[in-house]
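Step one of this worksheet: look at the structure below.
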Amino acid sequence: MNSSPASLGTDRYWQIIKRRWLPGSIVFLTVLTLGVVATTLKQSIYQADAKLKFKGNTVTSSLTEASKAISELTPIVAQGNPLDTEAEVLRSVPLIKKTIDDPELQLKNSDGEKLSVDDFLANLKVGSIVSTDILEVKYTSQNPEEAAKVVNTLIKNYLENNLVVNKAEAVSAKDFLEGQLPKVQDSLKKTEKEIRQLKESNEFVAPDEDTRALIEGLRELQAEISKAQGEMASADSRADYIRNKLGLTAEQAVVLTTVSQSPEVRETIAKLQNAESELAIAQARFTPNSPNVIELKEQISSLKNY
Numbered sequence: 001m002n003s004s005p006a007s008l009g010t011d012r013y014w015q016i017i018k019r020r021w022l023p024g025s026i027v028f029l030t031v032l033t034l035g036v037v038a039t040t041l042k043q044s045i046y047q048a049d050a051k052l053k054f055k056g057n058t059v060t061s062s063l064t065e066a067s068k069a070i071s072e073l074t075p076i077v078a079q080g081n082p083l084d085t086e087a088e089v090l091r092s093v094p095l096i097k098k099t100i101d102d103p104e105l106q107l108k109n110s111d112g113e114k115l116s117v118d119d120f121l122a123n124l125k126v127g128s129i130v131s132t133d134i135l136e137v138k139y140t141s142q143n144p145e146e147a148a149k150v151v152n153t154l155i156k157n158y159l160e161n162n163l164v165v166n167k168a169e170a171v172s173a174k175d176f177l178e179g180q181l182p183k184v185q186d187s188l189k190k191t192e193k194e195i196r197q198l199k200e201s202n203e204f205v206a207p208d209e210d211t212r213a214l215i216e217g218l219r220e221l222q223a224e225i226s227k228a229q230g231e232m233a234s235a236d237s238r239a240d241y242i243r244n245k246l247g248l249t250a251e252q253a254v255v256l257t258t259v260s261q262s263p264e265v266r267e268t269i270a271k272l273q274n275a276e277s278e279l280a281i282a283q284a285r286f287t288p289n290s291p292n293v294i295e296l297k298e299q300i301s302s303l304k305n306y
């Protein structure tokens with residue numbers, strides 16, 4: 001009885017499998033082993049993120065009653081985006097280096113060497129959320145704890161940078177106003193003298209109310225002029241600071257704006273300044289080991305780490 005072609009084909013395949021089962025098994029096990037090893041060695045990637053909210057009115061000057069705001073979260077040029085400025089500050093080389101060198105981080109690359117600025121920036125993402133005044137900061141790492149620490153340290157350095165900028169800006173505005181005060185006073189005296197001479201030469205005595213109104217109007221005009229000049233000096237100071245910190249040319253710095261502060265940061269700055277003043281008084285009255293001095297130093301340290 002003759003076997004069917006299908007039966008002959010099946011027998012042939014079975015004979016081939018019996019002769020070659022060992023090489024086939026080796027190949028199969030090799031592929032399976034490589035797949036398991038690759039899956040085991042695959043490292044997880046973690047991402048930490050934080051958000052910074054900005055407001056238009058930032059630093060308010062208390063140098064004079066007539067002054068309003070030293071600066072606002074607005075670009076120096078009309079086409080500039082203030083959030084883009086803040087993003088560039090967060091990505092600036094000085095802040096990145098300060099974060100990499102932080103004693104609690106000591107960031108290393110896969111070869112155990114100090115992490116470069118370029119490698120850090122490759123893991124960092126800073127961008128604004130559409131239709132908001134919020135910047136989002138993200139950092140990726142194979143270590144979830146490291147990713148979180150990097151984000152927190154970078155933002156801490158950024159806020160400290162804010163404090164330096166606004167202190168420098170306030171000092172600049174204060175110096176300018178102090179320099180302008182004698183000029184304004186001289187101008188007012190000259191105006192009052194001219195008014196008296198005008199009345200005497202024309203034998204005209206204006207009512208006291210009109211005279212006071214005229215003088216008050218002149219004072220307001222002088223105040224507006226001084227305010228405009230102060231804002232110009234403040235803008236120049238901000239542009240110089242940004243240029244120096246980010247290593248930019250004067251032309252590149254003009255498109256950047258001053259670093260802004262939230263109300264919470266402004267409150268912290270005020271508390272820090274008060275604590276520093278109280279510490280100076282306490283150090284003059286008590287010894288360095290006095291509980292008052294120690295408590296004020298701890299308070300200042302806590303505020304600086306805010």
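In terms of this note's numbering, the sequence shown is numbered consecutively and its last residue is 306. In this text, a Cβ means the ideal position worked out from N, Cα and C, and glycines have one as well. Please read all numbers here as calculations on a predicted model, not as lab measurements.
Query, Result
"Buried or exposed: which applies to asparagine 162, given that a residue is buried once 16 or more other Cβ atoms fall within 10 Å of its Cβ?", "buried"
"Buried or exposed, going by whether 16 or more other CB atoms sit within 10 Å of the CB of threonine 60?", "Because the pLDDT of threonine 60 is 38, which lies under 50, any placement of that residue in the model is unreliable, and the number read from its coordinates should be weighed accordingly. It is exposed - the Cβ of threonine 60 has fewer than 16 other Cβ atoms within 10 Å."
"Where does alanine 275 land, buried or exposed, given buried means 16+ other C-beta within 10 angstroms?", "buried"
"Under 8 angstroms between the Cβ atoms of threonine 85 and asparagine 157?", "no"
"Sorted by chain position, which residues of the same chain lie with C-beta nearer than 6 angstroms to leucine 124's C-beta, five sequence neighbours on each side aside?", "Tyr139"
"Would you list the one or two residues that DSSP bridges to serine 128?", "Leu135"
"Tell me the rounded alpha-carbon separation between glycine 127 and phenylalanine 120.", "16 angstroms"
"For lysine 193, does the count of other Cβ atoms within 10 angstroms reach 16, so buried, or fall short, so exposed?", "exposed"
"What are the partner residues of threonine 140, as DSSP defines its beta bridges?", "Gln47"
"State the beta-bridge partners of leucine 52 as determined by DSSP.", "Leu135"
"Please tell me whether leucine 154 and valine 137 are closer than 8 angstroms, where the distance is taken between their beta carbons.", "yes"
"Rounding to the nearest angstrom, what Cα-Cα distance links isoleucine 96 and glutamine 180 in this structure?", "39 angstroms"
"Would you mind giving the Cβ-Cβ distance between leucine 309 and leucine 135, rounded to the nearest angstrom? I have them listed as a contact below 8 angstroms.", "This structure cannot speak to residue 309, because the chain is shown only from 1 to 306."
"Following the continuous alpha helix (DSSP H) through leucine 99, name the residue where it begins and the one where it ends.", "Just to set this straight, residue 99 is threonine in the shown sequence, not leucine. Per DSSP, threonine 99 belongs to the alpha helix (DSSP H) from 93-100."
"Leaving out five residues on either side along the sequence, give the residues of the same chain with a beta carbon under 8 angstroms from the beta carbon of valine 293.", "Leu279, Ala282, Gln283, Phe286, Thr287"
"Within 10 angstroms of its Cβ, does serine 172 collect 16 or more other Cβ (buried), or is it exposed?", "buried"
"Going by alpha carbons, who is nearest to alanine 147 out of Lys271, Ser302, Leu303, Ser44?", "Ser44"
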